[in-house]
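Heads up: the protein sequence lines correspond to chains H and U, in order. Per the working numbering: the first sequence = residues -13 to 101. Per the working numbering: the second sequence = residues 120 to 233. All C-beta atoms, glycine included, are put in the ideal place defined by N, C-alpha and C. In this text, all values refer to a predicted model and were calculated from it rather than measured experimentally. Report on the following structure.
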Amino acid sequence: DVKVTQSSRYLVKRTGEKVFLECVQDMDHENMFWYRQDPGLGLRLIYFSYDVKMKEKGDIPEGYSVSREKKERFSLILESASTNQTSMYLCASNHLQGNNNQPQHFGDGTRLSIL
Amino acid sequence: GDSVTQMEGPVTLSEEAFLTINCTYTATGYPSLFWYVQYPGEGLQLLLKATKADDKGSNKGFEATYRKETTSFHLEKGSVQVSDSAVYFCALSDEDTNAGKSTFGDGTTLTVKP
């Protein structure tokens, strides 16, 4: 069965800390995505990557960076955590193909609290 | 740009009631359409999809038909169960954008009461 694994389900950090959220997929997918999910705002795309060492900004990249050193792993980095980054973070992946009918596969999410 | 508009929630139904969650879209190309479901404490999972006009996606008693003329992809189920309580997201993936990237609606929360 396909699997996207996020390293932590719950995480509590302090303002100003550097925070790493890790995501691993076992499906050999080219595309990987990071979203944040907030009540009333749906899913908002932070960054995505379509290949190793490649990244593109999503809709809300400010305050975040990403790293994709290996195909299966996509890390989200909060350079200096702030309270407005308290949220649910979701990682997803899918194949990059010539068509557009590939659904995304999601991890279970990391609920991050910044104090 | 692409956008997805879904029916605002929350929606509360009694068990065995009929469910409709409306979804309309705007896309520059010819998109594929998806419904995802998110159960409490979990990530999203694909419920069903349709890739061309008049296609009907179906799964677990849920159905949705790709209507190009009305740019809609409404989710329906004839008889809901308590276990269907979840958040439902409509999404599209447009052939004109990076293949694999999707635009999501804001989600509709469904609560089914016994």
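| Asked | Found |
| --- | --- |
| With 16 other Cβ atoms within 10 Å as the buried cut-off, status of ALA172 (chain U) | exposed |
| Neighbouring residues, chain U, relative to PHE6 (chain H) (Cβ below 7 Å) | Per Cβ cutoff of 7 Å: no residues; PHE6 (chain H) is ~19 Å from chain U at best. |
| Proximal residues of chain H, C-beta to C-beta of LYS168 (chain U) below 9 Å | ASN87 and PRO89 |
| For ARG22 (chain H): DSSP bridge partner residues | H:ARG30 and H:TYR75 |
| Nearest-angstrom Cα separation, counted from LYS(-11) (chain H) out to ARG0 (chain H) | 30 Å |
| DSSP three-state assignment for THR230 (chain U), whether helix, strand or coil | strand |
| Beta-carbon proximity of THR139 (chain U) to HIS193 (chain U), cut-off 8 Å | yes |
| is_contact[LEU98 (chain H), chain U] using C-beta, thresh 8 Å | no |
| Span separating the alpha-carbon of GLY224 (chain U) from that of GLN125 (chain U) | 6 Å |
| The segment 0 to 20 of chain H contacting the segment 56 to 67 of chain H, beta-carbon criterion three pairs below 8 Å | yes |
| In DSSP terms, what THR222 (chain U) is bridged to | U:LEU211 |
| Chain U contacts from the segment 44 to 66 of chain H (Cβ-Cβ distance under 8 Å) | none |
| Sub-8 Å separation of GLN(-8) (chain H) and SER221 (chain U) beta-carbons | no |
| As assigned by DSSP and simplified to three states, the class of SER202 (chain U) | helix |
| Close-in-space but distant-in-sequence residues of the same chain around VAL10 (chain H) (CB under 6 Å, 5 per side omitted) | THR(-9), GLU58 and ARG59 |
| HIS193 (chain U) - partner residues in DSSP beta bridges | The partner list for HIS193 (chain U) (beta bridge, DSSP) is empty, contrary to what the question assumes. |
| Residues, ordered as in the chain, of the segment -7 to 4 of chain H that lie near chain U by beta-carbon distance below 9 Å | ARG(-5) |
| Straight-line Cα distance separating PHE137 (chain U) from ARG30 (chain H) | 30 Å |
| Reduced DSSP secondary structure (H/G/I, E/B, other) of ASN17 (chain H) | strand |
| Any chain H beta carbon closer than 8 Å to SER221 (chain U) | yes |
| Inter-residue Cα distance where the pair is TYR75 (chain H) and ASP213 (chain U) | 24 Å |
| Test: VAL162 (chain U) CB closer than 8 Å to a CB of chain H | The sequence shown places Gly at residue 162 (chain U), not Val. For GLY162 (chain U), the answer is yes, since a Cβ of chain H falls inside 8 Å of its Cβ. |
| Distance between PHE19 (chain H) and HIS81 (chain H) (C-alpha atoms, nearest Å) | 12 Å |
| Other residues of its chain near ASN70 (chain H): CB distance less than 6 Å, five sequence neighbours each side excluded | none |
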